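Each step along the sequence shown adds one to the number in the UniProt record's numbering, with nothing skipped, and position 98 is 98. Some notes on the structure that comes next.
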Amino acid sequence: MKDIMGMMKAAGEMKAKMETMQAELAELVVEGRSGGGMVVVSLSGKGDMRGIKIDPALLKPEDAEVVEDLIIAAVNDAKAKSEAEAQRKMAEVTAGLPIPPGMKLPF
């Protein structure tokens, strides 16, 4: 019976840590850059776009396709950073728990 109580306590603690982590991710802002910093995109830890900065030198009609590609690259860079930070935080929350390999949280 003690094992069940210990598991329940651990589950409650993990739930609280998960809620804290979710709040931290909502506040987190990561920047993705491309074109040597000519395009900078800011995303929240949850992947919502917060802002974009484009170097005025890129704002020529003949460079539109290049700018589009740089925006995509910057968004992808920011998204990768955001996901890496979320995984790092999740590893902190689940440290020491016997979670099977490949199992992803939250469910």
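Where a beta carbon is used, it is the ideal one built from N, C-alpha and C, also for glycine. Treat the numbers as computed from the prediction; the structure is a model and nothing was measured.
{"Item": "Nearest-angstrom Cα separation, counted from E27 out to L58", "Value": "30 Å"}
{"Item": "Simplified DSSP assignment, three categories, for M90", "Value": "helix"}
{"Item": "E24 and G45 closer than 9 Å at C-beta", "Value": "yes"}
{"Item": "Between the CA atoms of G6 and G36 - distance to the nearest angstrom", "Value": "52 Å"}
{"Item": "N76 versus D3: straight-line alpha-carbon distance, rounded", "Value": "44 Å"}
{"Item": "6 Å CB neighbourhood of V40 in its chain, flanking five on each side removed", "Value": "E31, R33, K53"}
{"Item": "Cβ neighbours of residue 109 in the same chain (closer than 6 Å, five flanking residues each side left out)", "Value": "Examination of residue 109 is not possible in this model, given that the chain is present from 1 through 107 alone."}
{"Item": "Straight-line Cα distance separating V67 from E13", "Value": "46 Å"}
{"Item": "CA nearest to the CA of A74, picked from R50, T20, E19", "Value": "R50"}
{"Item": "A78, buried or exposed, once every other Cβ within 10 Å from all chains shown has been counted against 16", "Value": "buried"}
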